[in-house]
Amino acid sequence: MDQNYITVGVSSRPHPKETLNGDGYFFEYYPDRFVAAVIDGLGHGRGANLATTAALEYLQTHGSEPVTRLLEGMHQALRPTRGAVVAVMHFDYPQKRLTFAGIGNITVRTIYPDGMKFFSLNGIIGQNLRKVREIVLPCESPFCFVLHSDGIQSKFDHRVVDTTQNLDDVARMIVAEFSRPNDDATVMILKGQL
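This is the structure in structure tokens:
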């Protein structure tokens with residue numbers, strides 16, 4: 000595997016009775032880092048989509064900022080909206096380090112290596128952000144993480160993730176088999192080695 004190589008697989012769909020998706024995702028490769036995020040605008044439909052769109056616009060212009068500053072800035076940008084829950088992963092290539100922060104109920108599951116755990120704080124970006132807590136971990140070994148919105152059922156068993164398959168196909172399978180019928184659903188798979 001090449002140095003600084005991260006592969007992404009993603010699938011996202013709106014609430015089955017909506018045309019606009021209230022969930023979203025972002026990933027960008029920078030010269031010295033990789034940044035990924037999953038966003039879930041509160042509720043579904045137009046209002047959720049407006050919040051998620053505002054978050055994505057903020058990420059597109061500020062995505063390379065440090066994680067805490069990124070979430071605090073996004074909080075201000077989303078104030079006119081109903082708000083969103085967000086999880087961000089920032090991979091620093093030179094430092095071989097992963098920084099994570101989440102506000103709300105975006106779930107992160109570690110496929111490998113064992114022992115990496117990620118916890119988000121309660122809150123809503125744009126409405127109720129008390130503080131940001133960064134989790135900083137060394138990230139030298141091969142890794143695979145699955146981030147997903149609450150549109151994916153909690154009974155989702157991360158052992159179904161076959162990292163030898165096309166990651167977009169795996170993400171689509173997770174959405175097809177484990178999404179809730181009454182919400183938007185997003186899955187992002189990150190696999191690589193720094």
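Per numbering that gives the first Met the number 0: the sequence shown = residues 0 to 193. The C-beta atom is built at its ideal place from N, Cα and C for all residues, glycine as well. Since the structure is predicted, the reported quantities are computational estimates derived from the model, not experimental observations.
Taking its Cβ as the centre, do 16 or more other Cβ atoms sit within 10 Å of residue i, making it buried, or is it exposed?
i	result
ASN127	exposed
TYR4	exposed
ARG45	exposed
PRO13	buried
ASN121	exposed
LYS190	buried
Report back the beta-carbon spacing between residue i and residue j to the nearest angstrom; my notes put them in contact at under 8 Å.
i	j	result
ALA36	ALA86	7 Å
SER148	ILE105	6 Å
LEU19	ILE38	Contact flag wrong, Cβ pair sits at about 14 Å.
LEU58	ILE123	Not confirmed; about 17 Å, so no contact.
Distance check for residue j and residue i, CA to CA, integer angstroms please.
i	j	result
GLY194	THR185	The structure shown does not extend to residue 194, since the chain spans only 0 to 193, so no value can be given for it.
THR52	VAL7	20 Å
VAL66	ILE110	23 Å
ASP161	VAL169	7 Å
GLY125	VAL34	21 Å
ARG171	ILE188	11 Å
Using a Cβ-Cβ cutoff of less than 7 Å, which residues in the same chain neighbour residue i once the five nearest sequence positions on both sides are dropped?
i	result
HIS61	LEU69 and GLY72
Return the chain-ordered list of same chain residues with a C-beta closer than 8 Å to the C-beta of residue i, the five sequence neighbours on each side being excluded.
i	result
VAL131	VAL66, THR67, LEU70, GLU71, ALA100, ILE102 and LEU120
Is there a C-beta anywhere in chain D that falls below 8 Å from the one on residue i?
i	result
THR106	Among the protein chains of the structure shown there is no chain D, as only one such chain exists.
* Quick check: the stretch 164 to 180 against the stretch 126 to 141, are there 3 or more CB pairs under 8 Å? -> Here the stretch 164 to 180 makes no contact with the stretch 126 to 141; the two share fewer than three CB pairs at distances below 8 Å.
* Do three or more CB pairs link the stretch 151 to 171 to the stretch 115 to 122 at distances below 8 Å? -> With the cut-off at 8 Å, the stretch 151 to 171 and the stretch 115 to 122 do not touch.
* For the 8 Å Cβ check, are there 3 or more pairs between the stretch 156 to 171 and the stretch 87 to 98? -> The stretch 156 to 171, when compared against the stretch 87 to 98, does not touch it at the 8 Å Cβ threshold.
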